[in-house]
Every structure is written in C-alpha cells, then in structure tokens.
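Reading through the structure tokens given below for one structure.
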Amino acid sequence: MKQIYFIALLLGLYTPLAVLAQKSQSRLSGKIVDTKGQPIPGASVQLEGQSVGAIANEKGWFEIEGDFPQELKLRVSFLGYEPYSKVLTVESWKRKELKIVLNESSLNLEEVLVTGKSVLSEVKEQAFNVSVVDAKALHGTNLDVGHALDRISGVRVRESGGVGSDMNFSLNGFRGKQVRFFIDGVPMDNFGSSFQLNNIPINVAQRIEVYKGVVPIGLGSDALGGAVNIITDSYEKSSLSVSYSYGSFNTHKSFIQGVFVGKSGFTAKVNAYQNYSDNNYKMHVDVADINTGEYFRNQTVRRFNDTFHNQVLMVDLGLVKKPIADEFFIGATLGKNYKEIQTGARVAAVYGDIHRKGNILMPKFKYVKNDLFAKGLNLRVNGNFNFGEENYIDTVHRRYNWLGQFKEYPNAGGERSYSDYQYKNNNGLLVASMQYAFNEVHHFSASSTYNTFNRIGHNRVNPDDETYEHPRKTQKNIAGLGYSFRKEAFNASVFLKEYHQKNTYMFSYNPTGNYGDVAYRLQETTYDKWGYGLALTSFLTENFQIKASYEKSYRLPENEELFGDVVNLQGNIDLKPESSHNYNLGLNHWWRFGKTSSLQTGFGGFYRLASDFIRARLNNNQVMQVMENLGNVINKGLEAEVRYQYKRKGSVGFNLTYQDLRNNTQFEGDSQTESVIYKDRIPNMPYFYGNADANYNFSHLWKASDQLSLGYNLLYVHAFFLYWPSLGNDKLTIPTQVSHDLSLSYALNNRMKFTFACKNFTSSRLYDNFSLQKPGISFSGKIQYKFF
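My numbering puts the sequence shown at residues 746 to 1533.
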C-alpha cells in the first residue's frame, strides 16, 4: 500500500539524521504536581547559571538537556503556588526522574486570575484555525459532547428531535460527513449508531479540539471542511467517579469512570454510560382523523414512538512507561442501542411501530513508542474492528396519525417498507503515524489511515430478495507527509495528502428491454486524489496573534451515502468525491487588567470554493433524504468571539457566525441556459447564528471548599429557507430560533456536586429541521461523586 511506503521512506530518511543529531548531553526530567497529585501544566523550570529551561506540558512533565555541572540549583514557579528551589547533585537527578510538589500560595486565589499557559492555550495558539472546549469545566453539567460543541463559533448542531435523535454537525457551512470526528486522534468512522456525539456524555472528554477548514495530517482522514478531536483522560493516577441525572420526558443518564495506575506500569481504564428517554414531549402539528379524514389544524400532541436507550462500555488494559512501549493497550468498546422512529424526513409522515436496534462489538489496540531508534522519533499505531450488527424493523402493517390512531391492514406489510433487515457493516480501521523532532525547531510527520467496509445482511421477512445479498464494499486509504517549523513567535506547517477509495457493488440493468426484466452486474469504482496545505502563525506582540491557512482538500463519499442507512437516508452509488479550496485568516488578542481580569477577542474570515459539493435533498416521495453532487459552491464567512474573565469568579462571552453559502453552478449539465438557482443561497442551511453565556462562582459559603455556580446560555439561529429561494412559494422557512438555558451547581468537599438545569426556559418552539419540532421547556437534575 502507498501509505506503507510513506512510513518506510520517512523512517529511512529521518533515522540517520536523528542518530547524527544526538550529542553527549545530560538529561534532567521530572513531573510537577500539586499537593493532590494533579499535574501543573505551564509551570516554569529554571536552572540557575544555565541558559536552558523548560515549561511543563499538559501532564506536568518537563525535560531539559545540556552539559551540566556536578551540582545544580533548580527553581520551579507557577502563579498561585509557592516557589520551589532545591540544590541537586548529579547523582540525584541522573538516577531517576524528579517529582516536584508545589504548595498553593497563601494568597487568596479567588482574587487572582491564573495566567500561566495551559494546554488549552497551546492548542489555540497553533497555526491552524482551531477552537478548544475545556470539557473538564463542564463535567458537572448534563451536556453531551454534541451540545457542548454547539456553543463554539462556526458550529451548528442540528437534531431532528430529543435524546438520541439524528444529529447533523455543521462547521463553517460544511456539515455531516464533510466534518470528521476523532477520539484521541482515532477516527470514529466505524463506531456505529450506539456511539454518536449527542449521546456521549461530556465527562468522557478532558478537552475537545475543533479544527476549522484545514486539518493537520496527524488526524488522518478525508475531512473536507474540518475535524473534531475528543481528548479523553490521561493515565496519570488512579481515580473513580460516578454520576446520575434524571430529567423531563423520563430521561435517565448515568456515567462511571474508573482508572487504576499501578506502580508496575499496569494500567486499566473503564468508561461506562447509558442514556434513556421516552422523548414524549409535546408537538404542534396538523392532524387528520384516521377514520373520517376530518382535518384539525395546530393541534398539541405528544410523541408516542420515540423511545431511545443506549449503553456503552469502554475498557482498556495495558502498560505505560516501559522500555518496550510508552503505552501499550488492548481493549474493547461494547454497546447496544434501541431507537423508535417517530417520523420520516418530514413531520407529515408519522410512524407508530418502526424501530431500529444495534450493537457495537469492537476490539481495539494502541501502541505508542517515543524515542524509537533515536531521540525525538515517535511511533503511534491504533487499530480496531467493529463486529457489531444493526437491525431495522418495519413489520406492522398500519397507518398512524399524530393522535395515535391507526388503521391496520390484513396483508403482510409495513408502515413504510416491509422490512426486518439485519446487517453488519464490518468496519475495520488501522492508523499509523510517526513524528520526528529533529530539534525544537524542525518537526517531520507522516500518517496513514486504512479503512474497510463490507455490509452483509438479509431481510428476514423477504429472504428471497437478492438485493440484500449483493456486495457493498469500500476500501479507503488516506496518507500524509508534513513538516513544521516552530519558533516562539512564528510557526509554519506544510503537508501533502493522498486519498484513495475503491467501491464494489452490484449494478442493476435490463438485459432484454422487456418490462420487469432485471439483471445485476458487478461494478467497481476507484478514486485517487492528491491534496496539500499550508498553515502560518505569528505573534506580532506577546498578546497579538495573526494566523492564516490554506488547504486543497478532498472528501470521499461515505458508506452510508453510497449504500444508505436503511432508515432515513437513501443510497446514491453515483456520488463523486467532493473537493474544496479552504482559506482561513484569523486575529487573536489578549488584554490583561492587573492580576484580576482579562479580555480575549478573536476574529476570523473564511473562504471555501467547493466542487462536486455533496448535499442532502428529499427523495422523490419526500419520505427519505438522498445525497447528491452540486457542481460548484462558494462559501464566504466571518466569525467573532469575545470573552471577559473576572478573577477566578466569573466570565461572560459571546460568538457570532455569518456564512454566505451560494450555488456557483451556472449551467446544468450540457445546457447553455443559465440555471434559475445560479447564485442562490444554499437552502436548508443556517447562515447567521451565535451564542452568549455568563457564569459566576460563589466560594467559601459554608465551608472553604464549597462552591456555588450559576450559568446562563443563549442560542440564536436566524431563519432560513428549506428550498431554493428562486423557486418561489415552494421554498418554505425554518423560523428564527432563540433558546435560553439556566444552570445551578453546588460543589462540596471537592467530591460531590449537585446540578440543576432548565433548558429552553421560555418554552420556545425550536426547529433545527423543517417541521421537526424539538422539545420545549425541560428540567434535569444531576449528582456527581468522586471517590478518589
């Protein structure tokens, strides 16, 4: 495979250079923690009389190389902690890695804004256009990962209903599969329906990185317009925490996380969670009596076939910090889900018995080895295979209305299609990446991502239907090479990507020309594309950053787009890869007002020129969606973000996004007549939206460790059309959305936390998609306890 040649070439070129670069220097390393054993990222390490020093990374680790004397004076400092100093002899620091414990300063930290550079700041300061969510700050809330992301500029998370409903993620005008998702750098392409962003609890993540437009090659995938990387907890120390919440519409959510870190290096980690909801919220719809046909407008009804339940268990067992590997883990992700299907792509279609269920059975492994063959040459390999099944069931021959009334028919059939389709997608994934730091300035990287898909299934109520026996296979490879130049005030990255896809399927045709005569022919399509990109950033002053990036990117058609998802997405085997020229320009500025407060501002502009743009439309009978290519699309936009932080007590901020996504296909097919919808705004896409939030913390209430937190969030989405504006009265409108959320949390003893939340407290009618109403006002309570 071409990817393997990339890795081999990189290894062959860099290893000799790495060996030549080694010097006979000494190495001083260690970890900086607080009195509770928590790492202190950003702590400064200095050696008196020496020209070298270090800043602790996100795990508290530091490393300094040099020609040191027999005795050293070490100084460590970080705002909010008492300075640490110690005289070290060569025997003490060469024998083992140091562990340095900093004590909190007696200064009242509530009156001080900590300004040390954290891992969140380091990610934001990359040359790439990237936003970061501090997930740890949201662990006390009832948010899932999807709704936490919905508060970022440029992001819109659209749902078709309540808990567990179909979700569509949009980033600067690109949406769905055009944006890729990762967990710890591993693509989530094959995780199945049990594992979606809007049913992953926020407690799974430590932070979430959102790359807009240009994606680094370390995230090896065919993202057209951006990527989301969920970073989970590191293996630093043993811990155990649990949480449970209950809310409106009989919604239950629970989460358990346990980590064991042994002195021998043996490490175990378990994440388990479940979500359940009846989703029986009220809707406002037009209803016709099932028997008489009498029509009733704007009736208030409850959903009655929308229960959702999923359970997921993630287990990892392995070793860390051993000579053979820095990390070696084997594990599995197990899960199952049950989802009732209330409507089709439009609310006019209502179902009373259609449902789907599935499971995930995915063994996995992870191998990380730093300083492989030479210092600075790091290898990382991840792999998994999903043996899970999906089952779509529509075997009750009835017709329902929104009042729950139904007509039953005597013959065999279903509400939409007579089906009990059980299938496996047989997804496999192998990811390999290498990085080589020639020194602190020059960094090289290579990555390879190989993905397989092979859907095998049968319809148990129609076993003779040979359509379900036909092959549906894809193989996909994405490889990349990159180089980055890193200085304190200037960073630059360049990269090259190769995209390869092979699809195998059966093509139907009429061999004789007689009506109803159908035969099948095995068909294969292959795509090979090349992409490239550049990202630059410079700090013009200590607090003013400018960044720019460009990428020629490709996105290969996804399996479900080609073959359908069996429920609400019809397959289209004729889809072609889409491509885009992505340009980004951003400005960031930080103001600090003494030691008590700060103001952060960010402004950005983006330009996307896409070809063969893949978008969803309703199929001919408007019951399901189907993906299609649109010749050319232009997207221009602006986004802004402002945040004010007062001491460590409170913050207030807002973000706004405007995107102008236009059809740039002047002529349709071979016609020389200009298209009626040329230059039209792309329909069914929000183009102006934003968020605002405010938070305040009250400390030392009854005990010194107690804290009361109040939070508010506002979501605004301007109205947009469902159909092309130039087509007249048919365009329909998704109305303006305004939603207000409140939360109150009380933490005591640094272990227990209670949270009460009210979503959409004005009970506004909210629609992310035309006619598919979301829940009104809802309440939830959550209790979280950390054992150690």
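The beta-carbon is built from N, C-alpha and C at its ideal position, and this holds for glycine as well. Treat the numbers as computed from the prediction; the structure is a model and nothing was measured.
Measure the alpha-carbon distance for residue i versus residue j and round it to whole angstroms.
i, j, result
"residue 962", "residue 1240", "7 angstroms"
"residue 891", "residue 1331", "25 angstroms"
"residue 1003", "residue 1162", "44 angstroms"
"residue 787", "residue 1335", "17 angstroms"
"residue 1511", "residue 1467", "15 angstroms"
"residue 1183", "residue 1229", "11 angstroms"
"residue 1370", "residue 1062", "42 angstroms"
"residue 960", "residue 1449", "44 angstroms"
"residue 1383", "residue 1028", "35 angstroms"
"residue 1092", "residue 1462", "21 angstroms"
"residue 1464", "residue 772", "60 angstroms"
"residue 1299", "residue 972", "13 angstroms"
"residue 1501", "residue 1524", "8 angstroms"
"residue 1284", "residue 965", "28 angstroms"
"residue 800", "residue 823", "10 angstroms"
"residue 1360", "residue 1158", "32 angstroms"
"residue 1223", "residue 817", "48 angstroms"
"residue 1195", "residue 1433", "37 angstroms"
"residue 1220", "residue 1131", "15 angstroms"
"residue 1067", "residue 1264", "59 angstroms"
"residue 1148", "residue 1046", "7 angstroms"
"residue 912", "residue 1306", "15 angstroms"
"residue 1520", "residue 1329", "36 angstroms"
"residue 1347", "residue 1206", "57 angstroms"
"residue 975", "residue 1447", "36 angstroms"
"residue 1365", "residue 1431", "24 angstroms"
"residue 921", "residue 914", "5 angstroms"
"residue 1363", "residue 1503", "34 angstroms"
"residue 1012", "residue 774", "22 angstroms"
"residue 1499", "residue 884", "11 angstroms"
"residue 798", "residue 903", "47 angstroms"
"residue 784", "residue 1289", "28 angstroms"
"residue 1250", "residue 956", "34 angstroms"
"residue 1314", "residue 910", "14 angstroms"
Determine whether the Cβ of residue i lies closer than 8 angstroms to any Cβ atom of chain D.
i, result
"residue 1037", "No chain D is part of this structure, which consists of one protein chain only."
With DSSP as the reference, please indicate the residues paired to residue i in a beta bridge.
i, result
"residue 1159", "Partner(s): none; residue 1159 has no beta bridge."
"residue 1273", "1245"
"residue 1004", "984 and 1014"
"residue 1335", "1345"
"residue 1126", "1112 and 1177"
"residue 832", "818"
"residue 912", "904"
"residue 791", "798 and 820"
Quick one: residues in its chain with C-beta nearer than 6 angstroms to the C-beta of residue i, no 5 flanking neighbours on either side, listed in chain order?
i, result
"residue 1493", "1451"
"residue 1242", "1225 and 1276"
"residue 1400", "898, 1386, 1435 and 1436"
"residue 1136", "1102 and 1167"
"residue 1495", "1450"
"residue 1454", "1442 and 1490"
"residue 1055", "939, 944, 1020 and 1082"
"residue 1031", "1042"
"residue 1547", "There is no way to answer for residue 1547, as the model of the chain reaches only from 746 to 1533."
"residue 1235", "1283"
"residue 932", "966"
"residue 1482", "1462 and 1511"
Can you list, in chain order, the residues of its chain with a C-beta nearer than 8 angstroms to that of residue i? Leave out the 5 residues immediately preceding and following it.
i, result
"residue 1428", "1465, 1466, 1467, 1468, 1469, 1470 and 1476"
"residue 1160", "1096, 1097, 1098, 1099, 1139, 1141, 1142, 1143, 1144 and 1145"
"residue 1480", "1464, 1510 and 1512"
"residue 1070", "1064, 1112, 1113 and 1114"
Starting from the C-beta of residue i, find all residues in its chain whose C-beta is less than 7 angstroms away, skip the five residues before and the five after it, and write them out in chain order.
i, result
"residue 1408", "1375, 1378, 1422, 1423, 1424, 1425 and 1427"
"residue 977", "928, 929, 949, 950 and 951"
"residue 946", "889, 998, 1000 and 1018"
"residue 768", "Reliability of the predicted coordinates at residue 768 is poor, the pLDDT of 37 falling under 50, and the value obtained from them is presented with this limitation in mind. Here the set comprises nothing."
Below 8 angstroms on the Cβ atoms is my contact criterion, and I expect residue i with residue j to pass it. Report the Cβ-Cβ distance as a whole number of Å.
i, j, result
"residue 1527", "residue 988", "6 angstroms"
"residue 831", "residue 819", "5 angstroms"
"residue 1024", "residue 1051", "4 angstroms"
"residue 1517", "residue 1484", "So it is not a contact: roughly 15 angstroms between Cβ atoms."
> What are the complete beta strand (DSSP E) segments, minimum 3 residues, inside the stretch 874-906?
Replying inline: Note on the stretch 874-906: whole beta strand (DSSP E) runs with a minimum of 3 residues are 875-878 and 900-904, in chain order.
> What beta strand (DSSP E) runs, 3 residues minimum, are completely inside the stretch 1430-1514?
Replying inline: The beta strand (DSSP E) runs lying completely inside the stretch 1430-1514 and spanning 3 residues or more are 1433-1444, 1452-1462, 1482-1493, 1497-1504 and 1512-1514, given in chain order.
>> At 3 residues or longer, what runs of the beta strand (DSSP E) sit wholly inside the stretch 1031-1098?
In response: Counting whole runs of 3 or more residues, the stretch 1031-1098 contains the beta strand (DSSP E) stretches 1040-1047, 1053-1067 and 1070-1085.
> Which runs of the beta strand (DSSP E), 3 residues or longer, sit entirely within the stretch 945-978?
Replying inline: Positions of the beta strand (DSSP E) runs, each at least 3 residues long and wholly inside the stretch 945-978, are given as 950-957 and 971-977 in order along the chain.
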